[in-house]
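**Student:** Residue numbers (the working numbering), protein chains in the order written: chain A, 8 to 193; chain B, 8 to 193.
2 protein chains.
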Amino acid sequence: MARQTISDSALLDTALDLFRTHGAEGVSLSQLSQATGLEKASLYYRFPGGKEEIILATLASVGQWFENQLFPALRSPGPPRKRAAKAAEILRAFYQDGARSCVTDVLSLPGGSPQRHQALQTAMEAWIAAFAALARESGLPPAAARQAAEEAVIRIEGSLVLSRVLANPAPFHRTLKQLPDLLTTR
Amino acid sequence: MARQTISDSALLDTALDLFRTHGAEGVSLSQLSQATGLEKASLYYRFPGGKEEIILATLASVGQWFENQLFPALRSPGPPRKRAAKAAEILRAFYQDGARSCVTDVLSLPGGSPQRHQALQTAMEAWIAAFAALARESGLPPAAARQAAEEAVIRIEGSLVLSRVLANPAPFHRTLKQLPDLLTTR
DNA sequence: GCTACTTTACCGATCGGTCGGTATCCAAGA
DNA sequence: TCTTGGATACCGACCGATCGGTAAAGTAGC
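#1: Label A:Tyr-102 either buried or exposed according to how many other C-beta atoms from any shown protein chain fall within 10 Å of its C-beta, with 16 as the threshold for buried.
#2: Tell me, please, whether the segment 80–88 of chain A touches the segment 133–152 of chain A by the rule of three or more beta-carbon pairs shorter than 8 Å.
#3: Any beta carbon from chain B within less than 8 Å of A:His-29's own beta carbon?
#4: Using the Cα positions of B:Gln-122 and A:Ala-31, report the straight-line distance between them to the nearest angstrom.
#5: So A:Leu-173 packs on B:Val-113, CB below 8 Å; how close in whole Å?
#6: Within the same chain, show all residues whose beta-carbon is closer than 7 Å to that of B:Leu-19, passing over the 5 residues directly before and after it, in chain order.
#7: Since A:Ser-115 meets chain B, which of its residues come closer than 8 Å, beta carbon to beta carbon?
#8: Can you look up A:Gly-70 in the DSSP assignment and give me helix, strand or coil?
#9: According to the Cβ coordinates, are B:Leu-127 and B:Leu-183 closer than 8 Å?
#10: First and last residue of the alpha helix (DSSP H) that includes B:Leu-77?
#11: For the segment 166–190 of chain B, which segments carrying the alpha helix (DSSP H) assignment without a break, of at least 4 residues, lie completely within its bounds, in sequence order?
#12: What in chain A is Cβ-close to B:Thr-111, meaning under 8 Å?
#13: Are the CB atoms of A:Val-160 and B:Leu-169 nearer to each other than 8 Å?
#14: With a threshold of 16 other CB atoms inside 10 Å of the CB of B:Ala-48, please say whether the residue is buried or exposed.
#15: In terms of residue numbering, what span does the alpha helix (DSSP H) encompassing B:Phe-26 cover?
#16: Is B:Leu-183 close to chain A, meaning its C-beta is less than 8 Å from at least one C-beta of that chain?
#17: Using a Cβ-Cβ cut-off of less than 9 Å, list which residues of the segment 155–167 of chain A approach chain B; keep chain order.
#18: Between the segment 60–80 of chain B and chain A, which residues of the former have CB atoms less than 8 Å from a CB of the latter, in chain order?
#19: Name, please, each residue of chain A whose Cβ falls closer than 8 Å to the Cβ of B:Glu-32.
#20: Take A:Arg-90 and list the residues in its own chain whose beta-carbon comes closer than 7 Å to its own, dropping the five residues that flank it on each side.
#21: Indicate whether at least one CB of chain B lies closer than 8 Å to the CB of A:Gly-118.
#22: When you compare the CB positions of A:Glu-164 and B:Gly-165, do they come within less than 8 Å of one another, or not?
#23: Anything in the segment 127–142 of chain A with a Cβ closer than 7 Å to a Cβ of chain B? List those residues in chain order, please.
#24: Please check if any C-beta of chain A sits within less than 8 Å of the C-beta of B:Pro-178.
#25: Relative to the alpha-carbon of A:Leu-167, which residue among A:Arg-107, A:Ala-100, A:Gly-119 and A:Thr-192 has its alpha-carbon at the smallest distance?
#26: Measure from the C-beta of A:Ser-108 to each C-beta in chain B and report whether the shortest distance is under 8 Å.
#27: Using the rule of at least 16 other Cβ atoms within 10 Å of the residue's Cβ for burial, across every protein chain shown, is A:Pro-86 buried or exposed?
#28: Return the CA-CA distance between A:Phe-54 and A:Ile-13, expressed in angstroms with no decimal places.
#29: Excluding the five sequence neighbours on either side, which residues of its own chain have a C-beta within less than 7 Å of the C-beta of A:Glu-144, listed in chain order?
#30: DSSP on A:Phe-138, reduced to helix/strand/coil?
#31: Between A:Ser-35 and B:Phe-26, what straight-line distance do the alpha-carbon atoms span, to the nearest angstrom?
#32: For B:Phe-78, which residues of its own chain have a beta-carbon under 6 Å away from its beta-carbon, when the five flanking residues on both sides are left out?
#33: In the structure shown, what three-state DSSP assignment does B:Val-3 receive?
#34: Need the endpoints of the alpha helix (DSSP H) that B:Arg-90 sits in, please.
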């Protein structure tokens, strides 16, 4: 087997699922090894920095996914409300109807490395900026647009927590439905 | 040493701080032992069920704190808006201006035990119910009151995530300021 | 045969958890 | 009042398992 047995992106998708389910400290290299079908030593060949590098790569992969899937939908032509609704649909799929947690939430505990925290902060800023751009385009003044964007992220993150704890997807779904109203002037 | 060297409540306060900082899997018995000044074996004397029992006891302790501190403020006599503002102040102190995470968020990962999840769900239902009672009292119909209460919890949880990731307490503070508007008819 | 990749086998450290004690306190018996 | 014995609370030492991490030996494809 001189060829890769699993692609980087498939591997990181698997890692993402593990991390958002058990948290950073809750996932061991053995679990990662079993879930990806690669021996521990092979994981170290691909990610010499070990677990922390896998976490960082997972974060980068999620960031790329947002760049490629969510942000284009927000920037596409068409009425802002329609775009916001499309973004909500994409987010609904990403979080699997509220059944999956947000990595940004799960991996952001103060115990983490500075690099991890930096990556999360950058990703969240990009997310807020993308929301804010849409809000401005729909007519809100910059300051109000930024605040609306933060508010939207707050409600998405919060509703994910609530849906997870109550084992009920309704709060998450309701929040997504509010997204167009939140990000645009009516 | 027939007398306890540390009270249950002080011990659980210490555990709470550790858990909300590092997550359930991120806290080892050695850390717990060092932080409380009790040897591992002594922790097992106090909590024969080990780490999981300590987590459950910590959750129960937080639940009691809410019952004794937050809920009375919500039920006290006086205008509902004043009471909501008082509750916001109490929450601000509990989350140390957004610097601390919410245990309900941190300990609610799907990987946890069923009992843990049940405890978290019960606690969150109690929180929502207390908010909803205030909202009803201020004049909202039951369904709207329940929804306003959920919305309030969503925003508090979400703003804690955002403030943590951005390392900026502003979103949390702003959210608390909105609390009276959210829970009462103007 | 060289390179890219994976595997087997191993390391010391730490994990959650247990065991046999020991120190302290309090209450009952003389 | 003094002794003593049991309950309470704690601790040092240890357990097997698993942790994150490494070195060296394959193995497949160019």
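Backbone N, C-alpha and C define an ideal beta-carbon position, used for all residues, glycine too.
**Tutor:** Straight from the coordinates:
#1: Counted from its first residue, the first sequence places residue 102 of chain A at position 95. When all chains shown are included, A:Tyr-102 counts as buried.
#2: yes
#3: Within the first sequence, the letter at position 22 stands for residue 29 of chain A. At least one chain B Cβ lies under 8 Å of A:His-29.
#4: Residue 122 of chain B sits at position 115 when you count from the first residue of the second sequence. Residue 31 of chain A sits at position 24 when you count from the first residue of the first sequence. Computed Cα separation, rounded: 22 Å.
#5: Locating residue 173 of chain A in the first sequence gives position 166, where the first residue counts as 1. Locating residue 113 of chain B in the second sequence gives position 106, where the first residue counts as 1. Not a contact, Cβ separation roughly 16 Å.
#6: On the second sequence, position 12 is the one that residue 19 of chain B refers to. Here the set comprises Ala-64, Thr-65 and Ser-68.
#7: Mapped onto the first sequence, residue 115 of chain A falls at position 108. By Cβ distance, chain B contributes Val-168, Arg-171 and Val-172.
#8: Numbered from its first residue, the first sequence carries residue 70 of chain A at position 63. Three-state result, A:Gly-70: helix.
#9: Here residue 127 of chain B refers to the residue found at position 120 when the second sequence is read from its first residue. Here residue 183 of chain B refers to the residue found at position 176 when the second sequence is read from its first residue. Not closer than 8 Å, so no.
#10: Counting from one through the second sequence, the residue named residue 77 of chain B turns up at place 70. From DSSP, B:Leu-77 is part of no alpha helix (DSSP H); its letter is neither H nor E.
#11: DSSP runs (the alpha helix (DSSP H)) wholly in the segment 166–190 of chain B: 177–190.
#12: The sequence position of residue 111 of chain B within the second sequence is 104, counting from 1. Those are Val-168 and Val-172, listed as they occur along chain A.
#13: Locating residue 160 of chain A in the first sequence gives position 153, where the first residue counts as 1. Locating residue 169 of chain B in the second sequence gives position 162, where the first residue counts as 1. Contact: yes.
#14: Here residue 48 of chain B corresponds to residue number 41 of the second sequence, with the count starting at 1. The residue in question, B:Ala-48, is exposed, as its Cβ has fewer than 16 Cβ neighbours within 10 Å.
#15: Here residue 26 of chain B corresponds to residue number 19 of the second sequence, with the count starting at 1. 15–29 is the span of the alpha helix (DSSP H), which, as asked, contains B:Phe-26.
#16: Numbered from its first residue, the second sequence carries residue 183 of chain B at position 176. No, B:Leu-183 does not count as interfacial toward chain A.
#17: Glu-157, Glu-158, Val-160, Ile-161, Arg-162, Ile-163, Glu-164, Gly-165, Ser-166 and Leu-167
#18: none
#19: Locating residue 32 of chain B in the second sequence gives position 25, counting from the first residue. His-29, Gly-30, Glu-32 and Gly-33, listed in chain order.
#20: What you label residue 90 of chain A is simply residue 83 of the first sequence in a count that begins at 1. Excluding residues within five positions, the ones whose Cβ falls inside 7 Å are Ala-80, Leu-81, Ser-83 and Leu-141.
#21: For the purposes of this step, residue 118 of chain A is identified with residue 111 of the first sequence, where counting begins at 1. For A:Gly-118, the answer is yes, since a Cβ of chain B falls inside 8 Å of its Cβ.
#22: The residue given as residue 164 of chain A occupies position 157 in the first sequence. The residue given as residue 165 of chain B occupies position 158 in the second sequence. Between A:Glu-164 and B:Gly-165, the C-beta spacing is below 8 Å.
#23: Leu-127, Gln-128 and Met-131
#24: Counting from 1 along the second sequence, the entry for residue 178 of chain B is found at position 171. Yes - at least one Cβ of chain A is within 8 Å of the one on B:Pro-178.
#25: Your numbering for residue 167 of chain A matches position 160 in the first sequence. Nearest option by C-alpha distance: A:Arg-107.
#26: Locating residue 108 of chain A in the first sequence gives position 101, where the first residue counts as 1. At least one chain B Cβ lies under 8 Å of A:Ser-108.
#27: Within the first sequence, residue 86 of chain A is the residue found at index 79, counting from 1. It counts as exposed.
#28: Your numbering for residue 54 of chain A matches position 47 in the first sequence. Your numbering for residue 13 of chain A matches position 6 in the first sequence. Roughly 14 Å between the two C-alpha positions.
#29: Taking the first sequence and counting its residues from 1, the one referred to as residue 144 of chain A is at position 137. So the qualifying residues of the chain are Pro-87.
#30: Looking up residue 138 of chain A in the first sequence gives position 131. If DSSP states are grouped into helix, strand and coil, A:Phe-138 belongs with the helices.
#31: Within the first sequence, numbered from 1, the residue matching residue 35 of chain A stands at position 28. Within the second sequence, numbered from 1, the residue matching residue 26 of chain B stands at position 19. In a straight line, the C-alpha of A:Ser-35 is about 19 Å away from that of B:Phe-26.
#32: Along the second sequence, one-based indexing puts residue 78 of chain B at 71. Answer for B:Phe-78: Ala-137, listed in chain order.
#33: It is not possible to answer for residue 3 of chain B, since the shown part of chain B is limited to 8 through 193.
#34: Residue 90 of chain B sits at position 83 when you count from the first residue of the second sequence. Element bounds for B:Arg-90: 87–101.
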